[in-house]
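Undergrad:
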Amino acid sequence: MATTKAGAARYDWDDLSVLHRNTLPPRCDFQLYNTESDVLARERVKAVSLSGVWKIHLADSPLETPTGFEQTSFDSSQWQDIQVPGCWQLQNVGGSGPHYTNIQYTFFVNPPHPPHVENECVDSGFHVWINGHEVGYSQVARKSSEFDITDFIKPAEKGVLAVPMYKFTDGSYIEWWLSSIFRDVVLLGFPARARFEDLSVQTLFDEDYRDATLKAETLVTGTETIELKLLDASGEVVGTGIAKKTVPETSSVTLSIAVRSPYKWTAETPYLYTLVWHLNGQFAATRVGFRQVELKDGLIKVNGQRILLKGANRHEHHPNSGRSAPYEFMKQDLIMMKQHNLNALPDELGFWIIDEADIECHGFELICDAALPASARALPFWERKQFTDEPAKDFTSNNPEWRDANLDRAQHLVHRDKLHPSVIIWSLGNESFYGQNHTAMIEWIRAQDPTRLIHYEPDHDAKLVDMHSEMYQNVTDIMAFDKDKSKKKPLILCEYLHAMGTGPGNIKEYIDAFYAYPSLQGGCIWQWSNHGLHTTTQDGKAFVGYGGDFGDIPNDGNFVLDGVLNSDHTPRSALLEYEKALEPVQILSWSATFSTASIINRLDFSRLDHLQCVVSISDESGIRSIDQLIAVPTEIQPGATAELQIPPVTTAPDTETFLNLSFSLKDDDSWANKGHELALLQVPISKTQRLLQPADTNGAALQVEASAAALSVASSETMSRWEADLVRGRLSSWQKNGTQLIAKALEPTFYRAVTDNDAWQDGRDWKDRSLHLAEIQARSVHWHQIDDSGVIVDVEQSIAAPALSWSLGLQTQYEFSSSGAVKLTIKGTPKGQSLPLTLPRIGVELGLPKQLHHFQWFGRGGESYKDMKLSQIVGLHCSTVDDLWTSPEHPQECSTRTDTRWSKISSSAKEPSLTAQFLKDPGGTEILLFDFMASWYDVKDIDEATHPFELEEKKQDHVVLRLDADHHGLGTGSCRPKTLDERALKTEPFEFTIVLH
Numbered sequence: 001m002a003t004t005k006a007g008a009a010r011y012d013w014d015d016l017s018v019l020h021r022n023t024l025p026p027r028c029d030f031q032l033y034n035t036e037s038d039v040l041a042r043e044r045v046k047a048v049s050l051s052g053v054w055k056i057h058l059a060d061s062p063l064e065t066p067t068g069f070e071q072t073s074f075d076s077s078q079w080q081d082i083q084v085p086g087c088w089q090l091q092n093v094g095g096s097g098p099h100y101t102n103i104q105y106t107f108f109v110n111p112p113h114p115p116h117v118e119n120e121c122v123d124s125g126f127h128v129w130i131n132g133h134e135v136g137y138s139q140v141a142r143k144s145s146e147f148d149i150t151d152f153i154k155p156a157e158k159g160v161l162a163v164p165m166y167k168f169t170d171g172s173y174i175e176w177w178l179s180s181i182f183r184d185v186v187l188l189g190f191p192a193r194a195r196f197e198d199l200s201v202q203t204l205f206d207e208d209y210r211d212a213t214l215k216a217e218t219l220v221t222g223t224e225t226i227e228l229k230l231l232d233a234s235g236e237v238v239g240t241g242i243a244k245k246t247v248p249e250t251s252s253v254t255l256s257i258a259v260r261s262p263y264k265w266t267a268e269t270p271y272l273y274t275l276v277w278h279l280n281g282q283f284a285a286t287r288v289g290f291r292q293v294e295l296k297d298g299l300i301k302v303n304g305q306r307i308l309l310k311g312a313n314r315h316e317h318h319p320n321s322g323r324s325a326p327y328e329f330m331k332q333d334l335i336m337m338k339q340h341n342l343n344a345l346p347d348e349l350g351f352w353i354i355d356e357a358d359i360e361c362h363g364f365e366l367i368c369d370a371a372l373p374a375s376a377r378a379l380p381f382w383e384r385k386q387f388t389d390e391p392a393k394d395f396t397s398n399n400p401e402w403r404d405a406n407l408d409r410a411q412h413l414v415h416r417d418k419l420h421p422s423v424i425i426w427s428l429g430n431e432s433f434y435g436q437n438h439t440a441m442i443e444w445i446r447a448q449d450p451t452r453l454i455h456y457e458p459d460h461d462a463k464l465v466d467m468h469s470e471m472y473q474n475v476t477d478i479m480a481f482d483k484d485k486s487k488k489k490p491l492i493l494c495e496y497l498h499a500m501g502t503g504p505g506n507i508k509e510y511i512d513a514f515y516a517y518p519s520l521q522g523g524c525i526w527q528w529s530n531h532g533l534h535t536t537t538q539d540g541k542a543f544v545g546y547g548g549d550f551g552d553i554p555n556d557g558n559f560v561l562d563g564v565l566n567s568d569h570t571p572r573s574a575l576l577e578y579e580k581a582l583e584p585v586q587i588l589s590w591s592a593t594f595s596t597a598s599i600i601n602r603l604d605f606s607r608l609d610h611l612q613c614v615v616s617i618s619d620e621s622g623i624r625s626i627d628q629l630i631a632v633p634t635e636i637q638p639g640a641t642a643e644l645q646i647p648p649v650t651t652a653p654d655t656e657t658f659l660n661l662s663f664s665l666k667d668d669d670s671w672a673n674k675g676h677e678l679a680l681l682q683v684p685i686s687k688t689q690r691l692l693q694p695a696d697t698n699g700a701a702l703q704v705e706a707s708a709a710a711l712s713v714a715s716s717e718t719m720s721r722w723e724a725d726l727v728r729g730r731l732s733s734w735q736k737n738g739t740q741l742i743a744k745a746l747e748p749t750f751y752r753a754v755t756d757n758d759a760w761q762d763g764r765d766w767k768d769r770s771l772h773l774a775e776i777q778a779r780s781v782h783w784h785q786i787d788d789s790g791v792i793v794d795v796e797q798s799i800a801a802p803a804l805s806w807s808l809g810l811q812t813q814y815e816f817s818s819s820g821a822v823k824l825t826i827k828g829t830p831k832g833q834s835l836p837l838t839l840p841r842i843g844v845e846l847g848l849p850k851q852l853h854h855f856q857w858f859g860r861g862g863e864s865y866k867d868m869k870l871s872q873i874v875g876l877h878c879s880t881v882d883d884l885w886t887s888p889e890h891p892q893e894c895s896t897r898t899d900t901r902w903s904k905i906s907s908s909a910k911e912p913s914l915t916a917q918f919l920k921d922p923g924g925t926e927i928l929l930f931d932f933m934a935s936w937y938d939v940k941d942i943d944e945a946t947h948p949f950e951l952e953e954k955k956q957d958h959v960v961l962r963l964d965a966d967h968h969g970l971g972t973g974s975c976r977p978k979t980l981d982e983r984a985l986k987t988e989p990f991e992f993t994i995v996l997h
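Take a look at the structure:
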């Protein structure tokens, strides 16, 4: 556990010259079999698993480790139990809890020295003791370490494995953490006389990408004959090879097999061969995919074809066990990715993988940032990076003392994953600046594996890596990249579309740019899932915890909730929108004259022959015609278009009608069953949008009663009675057939609870301008009766924030009709100085009695906003207030439905009590599409809550209904790109009309 250098004691976890001791060289993960038939049956030699219940003791320092812990006679019976694999912070065994930071280090920064206190026997480094003997040491948390323990165990005798683990090592400066043994511990048996030590496979095509050569290399100990046999997916022999090793020392043997016209491996066609290796009665097997990755013609190409990365950044995560994710849970993640049209991650399912070394050290950026002069500190964070990156790299990335530590991580990465055809790009790490140690990594990787490309985002000019890479660029910038002829390598967005909170918006704009500009080869959304952890309050309320919820200081709060899945890995609206943008078939145009739809194949390698298409017709009455199967034209090549013939369509008069085309799998696949939908295209074929009218009446006279403070208007024919507050200028009561429809007065409103994307962009402006504190005041209220069947109330109002000079002047008019309808028209004029640049929304809010919690509407079905709505088709939808709420793990604006034609609200036992529509013109009948949101929560409570259980404590006793004429887009502002101008709600004059009946 300790070494001596120049007379000074140094500990392994605090010594850059000690990364490993007595570990075996890194290798690929291959499986051993007893016979060739076992290979075909996948009956591999059983490993002895040591996973299960272990004993654990937490010490404040490695120097306080219990004496004699490694001895077989040591009594650990009083120690606590812990599940291995698992993270001890999540198993109630004491010590500190989970700790989340995005950039900052959680300990005193003095590289390479880690803190010596609070080293609570966990993951960053570890020693291995067996039966009282020290076997070795290793660090680098997210890679496997192997030890030869032959001399430390005795057959048929019980042994003791003791593993002192260190929460922090010098490696903690270039990695992030949850702690403990979070992957399996196994014993593997290998023959002593002759054995495979490592395997490697490369596939090389000829110039026409027709025939290929399989190059197989193995590291072997002993003198034996090595035999190879290549089998296709049906088990037929495709080729063989043989070589004789004549020296006993461990050395390399290379064999080749020529293969004529092999099936090619791609993310769309993941055909795998089996390569059987035979040596000294032992068999090994590896899966082989024939594919060739190149930088050619300035593009990333596989098998000579440009590819588009449609990916996600993914980290192993489970809401209960942290980094120790069960196998089936991880597998379901990958299946879900495939089912939602992503293509960038295993071999069998078909993904492109950018495989990244476990290096991240941008905490040094904050150290340098704190040292900047005040003038530089005043700049936005992203602009300050120009002053911090250079000095920050000298801590580790450009420090020759850290060369071996960086190189070690690259070597373990490449050796571990080199057999996987899905891995097409090696990445040197994340946000670790650029220094000489990265150059050393590149040189080693190119020498070891010239068949793959190399990625590293901080090499911004792509001088040594094979592609430009950027994070969180806006769409305009990436389109300009393609037009810049000085760029000789492609661009990928290694992180984009930051999926934090409600959003992201503008997904389609990015994907459209990827299709339109060849040098833009896709990217990976950040990120796959939220990384919250299930926990409870002191009184037992369950919730999803994040930074700061576990007593962790410092922390970065909910910045860990930034995935397209919730922390329990259920899909969020973000995944549905991303899936929609990535659909393999898209519609370009519709011809009503010829009843044809022009479609395009968005795949890179495959035709659309594996898909079937079902046509349906829908309108405001629901689905009128369903499940009519139509032929998909054959031989639609990648990137090609075709005409889809649609059966004759009849539409109902004066009804908006849609053609829906559902493309699904024709047959079962490894990741989905027959009928799984991959694309749903919708085309409006009749655009008539009608104004719903109240039931016909005889126009009986309204009964009017008035005082200085209130106005009462009643329609005996429709059994309606309205109460208008003449002091505040608002509708305060509405009874219909004896039922009260208003529990809280109707008022114009313009604020929304700030989203995570808002908080970094427009939301700052809203808060600076005190929009969340703005109040409405009535300046004047007048009413008059226009005839026996109509009464009008005119209100002049202003919405203003305290202590500021801006306001919104409002002219509001209520028109009450004997038909039972209320027409509400609001005109707004921004006034004064220092106006907000944008408004969150423009609309009204009212409270409904809690029994009116059933909603039916004609519009987009799920959560949607003006820049996140394509995944939600227009149709007839029904829901309850409970089900409308999407319940984000960090409360914020959510659950809006867009492009609504009409909405009807009722109790469960009655006909619709209230119908809402918007008009383009107060005197016309042409409707305006609107947004609505219904919940149990006030916007102020949503804005202030940090967890759902806090919001639940403030649940209202009425339904909060919001009807919006316009709504600000979502954008991706939590990481730079703000809402696009064309999706922003500018602070400008406005007018809208609502009809309620």
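Per full-length UniProt numbering, residue 1 is the first one in the sequence shown, and the count goes up by one each step.
Cβ coordinates follow ideal geometry from the N, Cα and C atoms, glycine included.
1) Anyone know if the C-beta pair for V293 and A285 falls short of 8 Å?
2) Quick check: the Cα distance between Y844 and S974, rounded to an integer number of angstroms?
3) Kindly indicate which residue of D38, T266, K418 and C894 has the alpha-carbon position closest to the one of A344.
4) Is DSSP giving F559 helix, strand or coil here?
5) Alpha carbons only, please: which of Q872, V793, Y937 and S834 is nearest the one belonging to A803?
6) With contact counted as at least three CB pairs below 8 Å, one residue from each stretch, are the segment 69–83 and the segment 121–138 in contact?
7) Take the Cβ of N566 as the centre, count every other Cβ of all protein chains shown within 10 Å, and call the residue buried at 16 or more, exposed below.
8) Rounded to whole angstroms, what's the CA-CA distance from T225 to H412? Just pull it up for me.
9) Quick check: what's the CA-CA separation for K986 versus L848?
10) Between which two residues does the beta strand (DSSP E) carrying C524 extend?
11) Can you give the beta carbon distance from R21 to E197, rounded, assuming they're within the 8 Å contact cut?
12) When DSSP builds the beta bridges, which residues end up paired with K986?
13) Are L491 and L453 close, meaning C-beta to C-beta below 8 Å?
14) Express the C-alpha separation of L419 and A216 in angstroms, rounding to a whole number.
15) Output the distance between the C-alpha atoms of N673 and V754, rounded to the nearest integer angstrom.
16) Would a C-beta distance cut-off of 8 Å place G862 and Q851 closer than the cut-off?
17) Which value, in whole angstroms, describes the spacing of the CA atoms of F605 and P638?
18) Rounding to the nearest angstrom, what Cα-Cα distance links M441 and A410 in this structure?
19) For the segment 609–616 against the segment 632–650, do three or more pairs of beta-carbon atoms, one drawn from each stretch, fall closer than 8 Å, so that the two count as touching?
20) If the criterion is Cβ atoms closer than 8 Å, does the pair K508 and L870 meet it?
21) Would you report the Cα separation of C87 and D449, rounded to the nearest angstrom?
22) Between the C-alpha atoms of L824 and C878, what's the straight-line distance to the nearest angstrom?
23) Assuming the contact rule is C-beta atoms closer than 8 Å, S686 and G875 should be a hit. Round their C-beta distance to whole Å, please.
24) In the DSSP output, which residue or residues are listed as bridge partners for A258?
25) Shortest alpha-carbon distance to A642 belongs to which of R602, K483 and E620?
26) Which residues does DSSP list as the beta-bridge partners of T65?
27) At a Cβ threshold of 8 Å, is Q305 touching chain B?
28) If you draw a straight line from the C-alpha of T739 to the C-alpha of E747, how long is it?
29) Taking only runs of the beta strand (DSSP E) that begin and end inside the segment 786–858, which ones reach a length of at least 3 residues, in chain order?
30) Any contact between the segment 522–535 and the segment 479–493? By contact I mean 3 or more CB pairs, one from each, below 8 Å.
31) What residue range does the alpha helix (DSSP H) around C368 cover?
32) Decide if S780 is buried, meaning its Cβ has at least 16 other Cβ atoms within 10 Å, or exposed.
33) How many whole angstroms separate the CB atoms of Y33 and V45, which I take to be in contact at a CB cut-off of 8 Å?
34) Is V754 helix, strand or coil by DSSP?
35) With DSSP collapsed to three states, give me the class of H784.
36) Evaluate the contact criterion for the segment 719–730 versus the segment 700–711: three or more CB pairs, one atom per stretch, below 8 Å.
TA: Concretely, from the data shown:
1) V293 places its beta carbon 8 Å or farther from that of A285.
2) In the sequence as displayed, the identity of residue 844 is Val instead of Tyr. If I take the Cα positions, the gap works out to 28 Å.
3) Comparing Cα-Cα distances from A344 to each of D38, T266, K418 and C894, the minimum goes to T266.
4) Here F559 sits in helix by DSSP.
5) Ranking Q872, V793, Y937 and S834 by Cα distance to A803 puts S834 first.
6) Yes, they touch.
7) Counting every other CB atom within 10 Å of its CB across the protein chains shown gives N566 a total of 16 or more, marking it as buried.
8) The alpha-carbon separation between T225 and H412 amounts to approximately 28 Å.
9) Rounded to whole angstroms, K986 to L848 spans 30 Å at the Cα level.
10) Secondary structure note for C524: its beta strand (DSSP E) is the uninterrupted segment L520 to I525.
11) The beta carbons of R21 and E197 sit about 19 Å from each other, so the pair does not count as a contact at 8 Å.
12) Answer is T838.
13) Not in contact: L491 and L453 (Cβ atoms no closer than 8 Å).
14) If you take the alpha carbons of A216 and L419, they lie about 10 Å apart.
15) If you take the alpha carbons of N673 and V754, they lie about 40 Å apart.
16) No, Cβ-Cβ distance for G862 and Q851 is not below 8 Å.
17) For F605 and P638, the distance between alpha carbons rounds to 6 Å.
18) Each residue's alpha carbon lies about 6 Å from the other.
19) Contact between the segment 609–616 and the segment 632–650 is present, because at least three Cβ pairs lie under 8 Å.
20) Yes, these two residues count as a Cβ contact at 8 Å.
21) C-alpha separation (whole angstroms): 34 Å.
22) Distance between the alpha carbons of L824 and C878: 25 Å.
23) So it is not a contact: roughly 14 Å between Cβ atoms.
24) Under the DSSP definition of a beta bridge, A258 partners with T213.
25) Minimum Cα distance to A642 is reached at R602.
26) Assignment of beta-bridge partners to T65 by DSSP yields no partner.
27) Looking for chain B here will not work: only one protein chain is present.
28) So the alpha carbons of these two residues sit roughly 21 Å apart.
29) Correct list: 790–800, 807–817, 822–831 and 841–849.
30) Three or more beta-carbon pairs drawn from the segment 522–535 and the segment 479–493 are found closer than 8 Å, and the two stretches are therefore classed as touching.
31) For C368, the uninterrupted alpha helix (DSSP H) run begins and ends at G363 to A370, by DSSP.
32) S780 should be labelled exposed.
33) That belief holds up - the Cβ atoms of Y33 and V45 are roughly 6 Å apart, short of 8 Å.
34) For V754, the three-state secondary structure derived from DSSP is coil.
35) Three-state DSSP puts H784 in a strand.
36) The segment 719–730 vs the segment 700–711: in contact.
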